[in-house]
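What follows is a set of notes on a single structure, which appears directly below.
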Amino acid sequence: MSTLQIIGRSSSHFTRLALIFAYELDVPFEFRAVYDMTQLSPEIYAGNPSLKLPILRSENSVLFGSQNVCRAIADRAQGTRRLVWPEQLPDERCRNAHELVAHCMSAQVQLIFGTAVCKLPPDNLYFIKARTGFEASLAWLDAHLLQVLDAHPPHELSYFKAALFCLMDHLHFRETVSPKPYPSLLRFAEEFSLRPSAKKTPYRFDTPPTS
Ligand SMILES: N[C@@H](CCC(=O)N[C@@H](CS)C(=O)NCC(=O)O)C(=O)O
Numbered sequence: 005m006s007t008l009q010i011i012g013r014s015s016s017h018f019t020r021l022a023l024i025f026a027y028e029l030d031v032p033f034e035f036r037a038v039y040d041m042t043q044l045s046p047e048i049y050a051g052n053p054s055l056k057l058p059i060l061r062s063e064n065s066v067l068f069g070s071q072n073v074c075r076a077i078a079d080r081a082q083g084t085r086r087l088v089w090p091e092q093l094p095d096e097r098c099r100n101a102h103e104l105v106a107h108c109m110s111a112q113v114q115l116i117f118g119t120a121v122c123k124l125p126p127d128n129l130y131f132i133k134a135r136t137g138f139e140a141s142l143a144w145l146d147a148h149l150l151q152v153l154d155a156h157p158p159h160e161l162s163y164f165k166a167a168l169f170c171l172m173d174h175l176h177f178r179e180t181v182s183p184k185p186y187p188s189l190l191r192f193a194e195e196f197s198l199r200p201s202a203k204k205t206p207y208r209f210d211t212p213p214t215s
């Protein structure tokens, strides 16, 4: 295999984060879609035993998880674009913000997989608690966003910002909690959506080729 492969779904916010890094850093790749997330065989997920996406596959390695994938893409980049990783964010507010974005992304998966895919009752405490924590985390992020953005060191691409964009845009694509009560987050996402990497990666459901 000569080309780097990103294995994921065009409808997935974790996958989009990897795709945005690849486009921003001009790293060539081939996209391989996983069509059915109810499958239980790790081979469907490029050998990822957690049965999760995305995965980055090259000739001699397989990497699991969006942050690993983004870092490996950055390692292959030729250019000199300045990046900011979570550990380079300078204070506790920023670190909490990163944690809450990661939490919200996982809560979004929990709600979609539990209620939309598996048709479990949304009024179960398991989902009510997930939704409550999700909304409170978004409210916290909305209240602190400007300070977190201001605290970023100079950069062209921030993992935190790319992840927050993928999360916020996903709330329009798959309804779990409403994005409307969070004006700062909405404004931020609208601005990020103008980047070519965001325009190239709109959420959509992949359809298997017909033979
Ligand atoms: N920690 C992982 C989480 C990945 C994740 O939850 N991906 C979702 C797709 S957006 C998934 O695989 N969902 C299927 C499931 O939870 O069964 C990462 O950062 O990549």
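The opening position of the sequence shown corresponds to residue 5 in the working numbering, with each subsequent residue numbered one higher.
Think of the CB as a built atom: it goes at the ideal place given N, C-alpha and C, for glycine as much as any other residue.
Computed from a predicted model, the values in this text were never measured in an experiment.
As a quick exercise: from 47, 123, 68, pick the residue whose alpha carbon is nearest that of residue 57. Within the sequence shown, residue 57 is the residue found at index 53, counting from 1. Checked all of 47, 123, 68; the closest Cα to residue 57 is 68.
Within 7 Å: the Cβ of residue 71 and any heavy atom of ligand 1? Position 67 of the sequence shown, counted from the start, is the residue given in the question as residue 71. Under cutoff, so the answer is yes.
Own chain, CB closer than 7 Å to residue 126, minus 5 neighbours either side, in chain order: By 1-based counting over the sequence shown, the position of residue 126 is 122. Closer than 7 Å at Cβ, skipping near neighbours: 119.
Does at least one heavy atom of ligand 1 sit under 7 Å from the Cβ of residue 58? For the purposes of this step, residue 58 is identified with residue 54 of the sequence shown, where counting begins at 1. Correct: residue 58 has its Cβ closer than 7 Å to ligand 1.
Look at the Cβ atom of residue 60, then the Cβ atom of residue 73, and state whether they are nearer than 8 Å. Taking the first residue of the sequence shown as position 1, residue 60 is located at position 56. Taking the first residue of the sequence shown as position 1, residue 73 is located at position 69. Contact flag set, yes.
CA-to-CA distance, residue 99 to residue 91, given in whole angstroms: Indexing the sequence shown from 1 puts residue 91 at position 87. Indexing the sequence shown from 1 puts residue 99 at position 95. Cα to Cα, the separation comes out at about 8 Å.
Closer than 7 Å to a non-hydrogen atom of ligand 1 - does that hold for the CB of residue 117? Here residue 117 corresponds to residue number 113 of the sequence shown, with the count starting at 1. It does: the Cβ of residue 117 is within 7 Å (strictly closer) of some heavy atom of ligand 1.
State the DSSP-derived secondary structure class of residue 26, mapped to helix, strand or coil. Counting from one through the sequence shown, the residue named residue 26 turns up at place 22. Looking at residue 26 - three-state DSSP - the assignment turns out to be helix.
May I ask you to check if the CB of residue 192 is nearer than 7 Å to at least one heavy atom of ligand 1? By 1-based counting over the sequence shown, the position of residue 192 is 188. Outside the cutoff, so no.
Once the 5 residues before and after residue 13 are set aside, which same chain residues still bring their CB inside 7 Å of it? Within the sequence shown, numbered from 1, the residue matching residue 13 stands at position 9. The answer, listed in chain order, is 19, 37, 38, 57, 210.
Would you kindly check if the distance between the Cβ of residue 62 and the Cβ of residue 8 is under 8 Å? Counting from one through the sequence shown, the residue named residue 8 turns up at place 4. Counting from one through the sequence shown, the residue named residue 62 turns up at place 58. Contact: yes.
Reference residue 165; option with closest CA among 180, 190, 80: As a first step, residue 165 must be located in the sequence shown, where it is residue number 161. Nearest C-alpha to residue 165: 190.
Cβ shell of residue 186 (< 6 Å), same chain only, five flanking positions each side left out: Position 182 of the sequence shown holds residue 186. Hits under 6 Å: 142, 146.
Write down the C-beta distance between residue 105 and residue 175 rounded to the nearest angstrom, noting that I regard them as a contact closer than 8 Å. Against the sequence shown, residue 105 aligns to sequence position 101. Against the sequence shown, residue 175 aligns to sequence position 171. Their Cβ separation, rounded to whole angstroms, is 12 Å, which puts residue 105 and residue 175 out of contact at 8 Å.
Cβ-heavy atom distance, residue 172 to ligand 1, below 7 Å: One-based indexing of the sequence shown puts residue 172 at position 168. Residue 172 Cβ: outside cutoff for every heavy atom of ligand 1.
Buried versus exposed, by CB contacts within 10 Å (16 or more), residue 24: Along the sequence shown, one-based indexing puts residue 24 at 20. By the Cβ-count criterion, residue 24 is buried, with 16 or more other Cβ atoms from all chains shown falling within 10 Å of its own Cβ.
For residue 208 and residue 157, what's the separation of their Cα atoms in angstroms? Sequence index remark: in the sequence shown, residue 208 carries index 204 (1-based). Sequence index remark: in the sequence shown, residue 157 carries index 153 (1-based). Using only the alpha carbons, I get a separation of about 33 Å.
Buried or exposed, going by whether 16 or more other CB atoms sit within 10 Å of the CB of residue 113? Position 109 of the sequence shown, counting from 1, holds the residue named residue 113. Buried is the call here.
Closest residue to residue 212 among 179, 162, 40 (Cα-Cα distance): If you number the sequence shown from 1, residue 212 lands on position 208. Minimum Cα distance to residue 212 is reached at 40.
Can you check which of these residues, 26, 150, 181, is closest to residue 136 by C-alpha distance? As a first step, residue 136 must be located in the sequence shown, where it is residue number 132. Comparing Cα-Cα distances from residue 136 to each of 26, 150, 181, the minimum goes to 181.
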